[in-house]
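**Q**
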């Protein structure tokens with residue numbers, strides 16, 4: 010192809026993935042490309058003529074940095090900037106501010122380039138959280154292994170002492186209480202060790218709705234004052250996975266939701282096909298087919314400062330919790346090729362989303 014037949018500069022301008030905004034020497038927008046109008050939710054006619062402080066009213070740093078570029082002729086870069094101005098509030102962008110020169114070398118304005126990297130940023134953050142959780146799990150599990158031996162010795166001595174007291178007709182209630190506490194610690198250690206070992210999955214096809222219905226029926230008897238609501242998509246195919254392990258996952262999630270709900274509160278269980286856009290911010294393979302299981306409650310939800318640590322081992326907001334339930338659920342789903350994600354509900358309460366592939370690799 011002859012170079013003259015390539016796209017014109019105006020066509021290239023509008024096909025650029027970056028949002029491009031040309032700023033005149035007086036600080037107002039002179040020209041924007043299609044990506045900029047889509048990102049900002051306004052057409053070019055409305056944007057042109059506005060100052061950056063009006064386009065980005067809650068991000069004064071953009072206007073001040075552009076003023077510096079116009080004054081000094083030097084380029085300015087920001088690899089990650091979280092914006093606050095609507096409709097971009099919460100978006101993470103990569104930003105470059107550059108001076109513009111005419112053919113004679115005179116500066117005639119500036120160019121702002123913005124690229125929405127929110128999904129990439131979320132995916133990297135999630136990957137770092139998962140790696141940290143795995144490392145912490147290995148550390149905790151190794152400590153648990155070291156504790157097991159001396160704990161076994163203490164338990165043996167207490168059992169001997171209990172038998173000796175019984176033979177003498179003496180009270181053994183105190184020793185029994187100590188043995189009960191040791192049994193609780195042993196259960197905790199088994200959970201911790203569970204985090205350190207590879208988790209093989211024995212996959213077989215089964216009906217996810219039948220499994221969820223069984224769990225709901227049991228939990229309804231345990232929590233009679235909570236309403237359980239099912240919204241199942243009957244078109245979902247069978248999944249391939251280890252039924253017992255997935256039973257553990259959904260029992261934990263549904264029980265947590267019931268315990269967080271007020272009296273007469275509702276726990277909703279929904280299933281649906283996972284649409285491609287719902288994989289944004291995850292590390293899941295978009296080429297695979299997934300289904301989603303939502304467990305939603307009407308409780309207080311999770312505080313923002315706690316959400317980043319929600320799936321870390323030993324983190325809990327419960328007074329009597331050990332902080333391993335959600336981390337184990339996450340690990341089981343990851344072993345199946347899926348994941349667990351938390352969202353706060355606009356109307357209040359928590360929503361846990363379990364991503365589960367239709368087939369296990």
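In our numbering, the protein residues as written are 10 to 370.
By construction, the Cβ of each residue, glycine as well, lies at the ideal position given by its N, Cα and C atoms.
When the Cα atoms are used, what is the spatial distance from residue 297 to residue 366?
**A** As a first step, residue 297 is located in the chain shown; it is residue number 288 there, counting from the start. As a first step, residue 366 is located in the chain shown; it is residue number 357 there, counting from the start. If I take the Cα positions, the gap works out to 7 Å.
**Q** Start and end of the alpha helix (DSSP H) containing residue 125?
**A** For the purposes of this step, residue 125 is identified with residue 116 of the chain shown, where counting begins at 1. Here residue 125 belongs to no alpha helix (DSSP H); instead the beta strand (DSSP E) covers 116 to 125.
**Q** For residue 16, name the three-state secondary structure that DSSP assigns.
**A** By 1-based counting over the chain shown, the position of residue 16 is 7. Note that residue 16 has pLDDT 42, beneath the 50 cutoff, so the model's placement of it is unreliable and no number is given.
**Q** Rounded to a whole number of angstroms, what is the C-alpha to C-alpha distance between residue 43 and residue 28?
**A** For this step, residue 43 is matched to residue 34 along the chain shown. For this step, residue 28 is matched to residue 19 along the chain shown. When rounded, the distance between both Cα atoms is 7 Å.
**Q** Using CA atoms only, rank isn't needed, just tell me which of 181, 32 and 263 is closest to residue 221.
**A** The sequence position of residue 221 within the chain shown is 212, counting from 1. If we check each option's Cα against that of residue 221, 263 comes out closest.
**Q** DSSP on residue 28, reduced to helix/strand/coil?
**A** The count along the chain shown starts at 1 and reaches residue 28 at position 19. Correct three-state label for residue 28: strand.
**Q** Got a sec, what are the start and stop residues for the beta strand (DSSP E) residue 353 sits in?
**A** One-based indexing of the chain shown puts residue 353 at position 344. Taken as a continuous stretch (DSSP letters only), the beta strand (DSSP E) holding residue 353 covers 348 to 353.
**Q** Return the Cβ separation of residue 248 and residue 300 in integer angstroms, given the expectation that the two are a contact with Cβ distance under 8 Å.
**A** Looking up residue 248 in the chain shown gives position 239. Looking up residue 300 in the chain shown gives position 291. Sure, about 7 Å apart at Cβ, within 8 Å.
**Q** Which ranges does the alpha helix (DSSP H) cover as unbroken runs of at least 4 residues, wholly within the stretch 18 to 88, from first to last along the chain?
**A** 18 to 24, 43 to 49, 53 to 56, 61 to 64 and 69 to 81, all fully within the stretch 18 to 88.
**Q** For residue 60, which option in 251, 303, 76 and 179 has the closest C-alpha, if you only look at C-alpha atoms?
**A** As a first step, residue 60 is located in the chain shown; it is residue number 51 there, counting from the start. Of the candidates 251, 303, 76 and 179, the one whose C-alpha sits nearest the C-alpha of residue 60 is 76.
**Q** Determine whether the beta carbon atoms of residue 102 and residue 92 lie at a separation below 8 Å.
**A** Within the chain shown, numbered from 1, the residue matching residue 102 stands at position 93. Within the chain shown, numbered from 1, the residue matching residue 92 stands at position 83. The answer is yes: Cβ separation under 8 Å.
**Q** Between the alpha carbons of residue 187 and residue 161, how many angstroms are there, rounded?
**A** Working through the chain shown from its first residue, we reach residue 187 at position 178. Working through the chain shown from its first residue, we reach residue 161 at position 152. Cα-Cα distance, rounded: 13 Å.
**Q** Out of curiosity, what's the CA-to-CA distance linking residue 115 and residue 83?
**A** In the chain shown, residue 115 corresponds to position 106, counting from 1. In the chain shown, residue 83 corresponds to position 74, counting from 1. For residue 115 and residue 83, the distance between alpha carbons rounds to 13 Å.
**Q** Contact defined as beta carbons within less than 8 Å: I believe residue 307 pairs with residue 280. What is the distance between those atoms, to the nearest angstrom?
**A** For the purposes of this step, residue 307 is identified with residue 298 of the chain shown, where counting begins at 1. For the purposes of this step, residue 280 is identified with residue 271 of the chain shown, where counting begins at 1. Contact doesn't hold; Cβ gap of about 19 Å is too wide.
**Q** Should residue 261 be labelled buried (16 or more other beta-carbon atoms within 10 Å of its own) or exposed?
**A** Reading the chain shown from its first residue, position 252 is the one you call residue 261. Buried: at least 16 other Cβ atoms inside 10 Å.
**Q** Could you have a look at residue 356 and say whether DSSP puts it in helix, strand or coil?
**A** Along the chain shown, read from residue 1 onward, the residue named residue 356 stands at position 347. Of the three classes helix, strand and coil, the one that applies to residue 356 here is coil, per DSSP.
**Q** Using 8 Å as the threshold, is the C-beta distance between residue 38 and residue 123 below it?
**A** Mapped onto the chain shown, residue 38 falls at position 29. Mapped onto the chain shown, residue 123 falls at position 114. Result no, Cβ atoms of residue 38 and residue 123 do not sit closer than 8 Å.
**Q** From this set, 229, 166 and 277, which residue's C-alpha is nearest residue 240's C-alpha?
**A** The residue you call residue 240 lines up with position 231 of the chain shown. The shortest Cα separation from residue 240 among 229, 166 and 277 belongs to 277.
**Q** Report the rounded CA-to-CA distance for residue 97 versus residue 73, giving the unit in angstroms.
**A** Within the chain shown, numbered from 1, the residue matching residue 97 stands at position 88. Within the chain shown, numbered from 1, the residue matching residue 73 stands at position 64. So the alpha carbons of these two residues sit roughly 18 Å apart.
**Q** Identify whether residue 362 lies in helix, strand or coil by the three-state DSSP scheme.
**A** What you label residue 362 is simply residue 353 of the chain shown in a count that begins at 1. Three-state result, residue 362: strand.
**Q** Using alpha carbons as the reference points, say which of 230, 341, 317 and 320 lies closest to residue 256.
**A** On the chain shown, residue 256 is found 247 positions in, with the first residue counted as 1. Answer by Cα proximity: 341.
**Q** Is the CB-CB distance between residue 224 and residue 344 below 8 Å?
**A** As a first step, residue 224 is located in the chain shown; it is residue number 215 there, counting from the start. As a first step, residue 344 is located in the chain shown; it is residue number 335 there, counting from the start. No.
**Q** Take residue 86 as the anchor and find which of 309, 351, 105 and 33 has the nearest alpha-carbon.
**A** Position 77 of the chain shown, counted from the first residue, corresponds to residue 86. The candidate whose alpha carbon is nearest that of residue 86 is 105.
**Q** Hey, how far is the Cα of residue 170 from the Cα of residue 193?
**A** In the chain shown, counting from the first residue as 1, residue 170 sits at position 161. In the chain shown, counting from the first residue as 1, residue 193 sits at position 184. Going by the C-alpha atoms only, they are around 19 Å apart.
**Q** For a quick check, are the C-beta atoms of residue 119 and residue 108 less than 8 Å apart?
**A** As a working mapping, residue 119 is identified with position 110 in the chain shown. As a working mapping, residue 108 is identified with position 99 in the chain shown. In this structure, residue 108 lies closer than 8 Å to residue 119 by Cβ.
**Q** With 16 other CB atoms within 10 Å as the buried threshold, where does residue 355 fall?
**A** Along the chain shown, one-based indexing puts residue 355 at 346. Exposed, because fewer than 16 other Cβ atoms sit within 10 Å of the Cβ of residue 355.
**Q** Can you tell me whether DSSP reads residue 215 as helix, strand or coil?
**A** Translated into the one-based positions of the chain shown, residue 215 becomes position 206. It is a strand residue.
**Q** What residue from 31, 71 and 36 has the CA that sits closest to residue 53's CA?
**A** Translated into the one-based positions of the chain shown, residue 53 becomes position 44. Considering only alpha carbons, the answer is 31.
**Q** Can you give the Cα-Cα distance for residue 265 and residue 250, rounded to whole angstroms?
**A** Mapped onto the chain shown, residue 265 falls at position 256. Mapped onto the chain shown, residue 250 falls at position 241. Cα-Cα distance, rounded: 23 Å.
**Q** Using three-state DSSP, classify residue 3 as helix, strand or coil.
**A** The structure shown has nothing for residue 3, since the chain only spans 10 to 370.
**Q** Just tell me which of 26, 51 and 67 has its CA closest to the CA of residue 126.
**A** Translated into positions along the chain shown, residue 126 becomes position 117. Residue 26 is the option with its Cα nearest to residue 126.
**Q** Helix, strand or coil: which one does DSSP assign to residue 335?
**A** Locating residue 335 in the chain shown gives position 326, where the first residue counts as 1. It is helical.
**Q** Between residue 80 and residue 71, what straight-line distance do the alpha-carbon atoms span, to the nearest angstrom?
**A** As a first step, residue 80 is located in the chain shown; it is residue number 71 there, counting from the start. As a first step, residue 71 is located in the chain shown; it is residue number 62 there, counting from the start. One C-alpha to the other measures close to 14 Å.
**Q** Under the three-state reduction of DSSP, which class applies to residue 110: helix, strand or coil?
**A** Numbered from its first residue, the chain shown carries residue 110 at position 101. Here residue 110 sits in strand by DSSP.
**Q** With 16 other CB atoms within 10 Å as the buried threshold, where does residue 364 fall?
**A** To locate residue 364, count along the chain shown from 1; it is residue 355. The residue in question, residue 364, is buried, as its Cβ has 16 or more Cβ neighbours within 10 Å.
**Q** Excluding the five sequence neighbours on either side, which residues of its own chain have a C-beta within less than 6 Å of the C-beta of residue 12, listed in chain order?
**A** The residue given as residue 12 occupies position 3 in the chain shown. Confidence at residue 12 is low in this model, with a pLDDT of 39, below 50, so its placement is unreliable and the value that follows should be read with caution. Cβ within range, chain order: n/a, list empty.
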